[in-house]
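Novice: Have a look at the structure that comes next, please.
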Amino acid sequence: MQIIVRDNNVDQALRVLKKRLQREGVYRELKLRKHYEKPSEKRARQHAAAVRRARKADRKRAEKDG
C-alpha cells in the first residue's frame, strides 16, 4: 500500500493510511491472528456473529414494517 505525502504533511498521510488499513480490515485480521484460535472457537465466534447479524436484520425489518 502506498500513500503519497503532499506538501510535507505527514500527519495527514498517516490519517489516510490508518483509514485505508481500517477499511481493508487489516486491524481486525491482526487482532484475530495475534493468538491461535482453535477451530471450535472459530466456529463459535462465527456462529455468534451470524446470530448478531440476523437479530440486527430482524430489528431493521421490524422497524421498517412498523
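Using the UniProt record's numbering, the first residue of the sequence shown is number 1, and each one after it goes up by one.
Glycine residues also receive a C-beta, built at the ideal position from the N, C-alpha and C atoms.
1. Ends of the alpha helix (DSSP H) at residue 47?
2. Terminal residues of the continuous alpha helix (DSSP H) containing residue 26?
3. State the Cα-Cα distance for the pair residue 55 and residue 6, rounded to the nearest angstrom.
4. Three-state secondary structure (DSSP) at residue 15?
5. Run the proximity test for residue 55: is its beta-carbon closer than 7 Å to any non-hydrogen atom belonging to the ligand PLP?
Specialist: So, from the listed chains and residues:
1. Position 47 of the sequence shown holds residue 47. Start and end: 39-65.
2. Here residue 26 corresponds to residue number 26 of the sequence shown, with the count starting at 1. Residue 26 -> alpha helix (DSSP H) spans 26-33.
3. In the sequence shown, the residue the question calls residue 55 occupies position 55. In the sequence shown, the residue the question calls residue 6 occupies position 6. So the two alpha carbons sit approximately 45 Å from each other.
4. Position 15 of the sequence shown holds residue 15. Helix, per DSSP.
5. Annotation note on the ligand PLP: not contained in the displayed structure, which lists no ligands.
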